[in-house]
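According to mature numbering (1 follows the signal peptide of the UniProt record, and there is no 0), the sequence shown holds residues -26 to -1, 1 to 286 in order.
Don't be surprised by glycine CBs; every beta carbon is placed ideally from N, CA and C.
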Amino acid sequence: MFRTIRIATCVSLLGLSGGWAATASAAELKAVASFSIIADFATNVGGDRVEVTTLVGPDGDAHVYEPRPADAVSLEQADVVLVNGLQLEGFMSRLIGTSGTKAPVVELTKGIEPLKASEEEHDHDDDGHEGHHHHGEFDPHAWQSIHNAEIYVKNIADAFCKADKAGCATYTANASAYVARLSALEGEVKAAIASIPAGKRTIITSHDAFGYFEHEYGLKFIAPEGVSTEAEASAADVAKLIDQVKEDKASAIFVENISNPRLIEQIARETGLKVGGTLYSDALSAKDGPASTYIDMFRNNISTMKAAILGS
Ligand SMILES: [Zn+2]
């Protein structure tokens, strides 16, 4: 049997029939997702028709990612490239150039209402130089609003429909079913937040990844690092944060899955707060972890916050 197939392949390579090799692999659209959260959305929309490759994997930090040679190969072979945009992926434009990919590069934050990056607390580097910015005008962490996630999903469905018209009905149906699950998730999140007393809603994380969460759901997040992890917090940033914690009476402090916990542990010691666990900010967990999908990430973050604040 195997021998027969090999012969058939050889015949097609000789030009007698050009179709065999092509039809064997044409069933799938190849999509590249810049990081794990986008990859999960793309998998939900694409189902079996789309093969999704992720550049920045579980627990990875897209702000400071260093591409591997294999990433250029993935891009070169892609039919669609899905990125967040708003200058999250600093590595991306150069990688796209190097790869020579002809695939459309789709920015999934298109159509969301971007929030301005808060500059005032982080507008200096370690030497105290003013105006040394390491990020764009806007906060890129738009996926921390479930409403925005629904826009990402619709943008992915549009991109897949353009690249694979035959699959469009499937992509549209998959996207609707997933958006319905996201809407239900948003109800759970709002109910969970409502159960936290108003005076206990200030939380410390390591970088400003939760601006959209704060805007949408009403907890207050403060962090020693700004909207990018690229610039490390200075001693002055940390001192200022500790003062702020005393004024605002922060209720809980968390490490992030993408960041070194050292700074948060130091702040916890100096403020007397106990580290309440790990929040998933810019990446999912590995498959066997508690946040391997976007929906599980949100549920896990909410239950971790509630447990630390309410002590349950
Ligand atoms: Zn971030």
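Where residue i sits in the DSSP three-state scheme
i	result
Ile283	helix
Gly251	strand
Lys90	strand
Lys194	strand
Gly105	In this prediction, Gly105 scores a pLDDT of 40, lower than 50, which makes its location untrustworthy; no coordinate-derived value is stated.
Phe272	helix
Thr267	coil
Ala46	helix
Ala260	coil
Ser277	helix
Glu204	coil
Sheet register partners of residue i (DSSP bridge)
i	result
His181	Glu199
Ala5	Val26 and Val54
Glu81	Val57
Phe112	Lys90
Thr176	Lys194
Among the options, nearest to residue i - alpha-carbon criterion
i	options	result
Phe184	Pro171, Ala172, Lys174 and Glu199	Glu199
Met271	Leu258, Ile283, Thr203 and Asn58	Leu258
Glu204	Ala281, Asp262, His37 and Glu2	His37
Tyr152	Ile170, Ala131, Lys139 and Cys135	Ala131
Ala172	Glu206, Ser225, Leu62 and Ala281	Ser225
Val127	Gly246, Gly20, Gly251 and Gly285	Gly20
Asn234	Asp211, Leu247, Ile12 and Ala207	Ala207
Gly255	Asp22, Asn18 and Leu62	Per the sequence presented here, residue 255 reads as Ser, with Gly not at that position. That would be Leu62, whose Cα lies nearest to the Cα of Ser255.
Lys214	Leu159, Ile241 and Ile12	Ile241
Gly71	Asp22, Ser92 and Pro43	Pro43
Ile232	Asp22, Gly34 and Ile238	Gly34
Contacting residues, own chain, Cβ-Cβ under 6 Å from residue i (five flanking each side not counted)
i	result
Asp182	Ala197, Gly200 and Val201
Val80	Leu56 and Ala133
residue 324	The chain is shown only over -26 to 286; residue 324 falls outside these bounds and no answer can be derived.
Thr27	Val6 and Ser48
Glu25	Glu2 and Lys4
Tyr39	Val30 and Phe65
Ile125	Gly85 and Ile86
Gly59	Glu81 and Thr83
Val219	Thr245
Cys135	Cys142 and Tyr145
Ile12	Leu56
Ser92	none
Val(-16)	Here Val(-16) scores only 40 on pLDDT, less than 50, and its place in the model should not be relied on; the value that follows carries that caveat. Within the same chain, Val(-16) has no close Cβ partners at all.
Pro41	Phe65 and Leu69
Unbroken beta strand (DSSP E) run spanning residue i, endpoints
i	result
Val229	Ala226 to Glu230
Own chain partners of residue i with C-beta closer than 7 Å, once the 5 adjacent residues on each side are dropped
i	result
Leu253	Thr179, Phe228, Glu230, Asn275 and Thr278
Tyr191	Val163, Lys164 and Ile167
Met66	Ser8 and Val57
Gln51	Lys4
residue 319	This structure gives no information on residue 319, because the portion of the chain shown stretches from -26 to 286.
Thr17	Val26
Thr75	Leu49, Glu50, Ala52 and Val55
Glu111	Lys90 and Ala91
Cβ shell of residue i (< 8 Å), same chain only, five flanking positions each side left out
i	result
Val47	Ser73
Ala123	Phe15, Trp117, Leu156 and Tyr268
Tyr186	Leu89, Asp113, His115, Ala116, Trp117, Gln118, Ser119 and Asn122
Pro32	Ser10, Ala257, Leu258, Ser259, Ala260, Lys261, Gly263 and Ser266
Lys194	Arg175, Thr176, Ile177, Glu188 and Asp222
Ser169	Lys280 and Leu284
Ala147	none
Gly250	Ala226, Ile227, Phe228, Thr278, Met279, Ala281, Ala282 and Ile283
Leu159	Ile120, Ile269, Phe272 and Arg273
Opening and closing residue of the alpha helix (DSSP H) in which residue i lies
i	result
Tyr126	Ile120 to Ala137
Ser67	Met66 to Ser73
Ala165	Cys142 to Ala168
Val38	Where Val38 is concerned, there is no enclosing alpha helix (DSSP H), given that its DSSP letter is neither H nor E.
Glu221	Ala209 to Asp222
Asn18	Ser10 to Gly20
Leu62	That residue, Leu62, is in no alpha helix (DSSP H); it is neither H nor E in DSSP.
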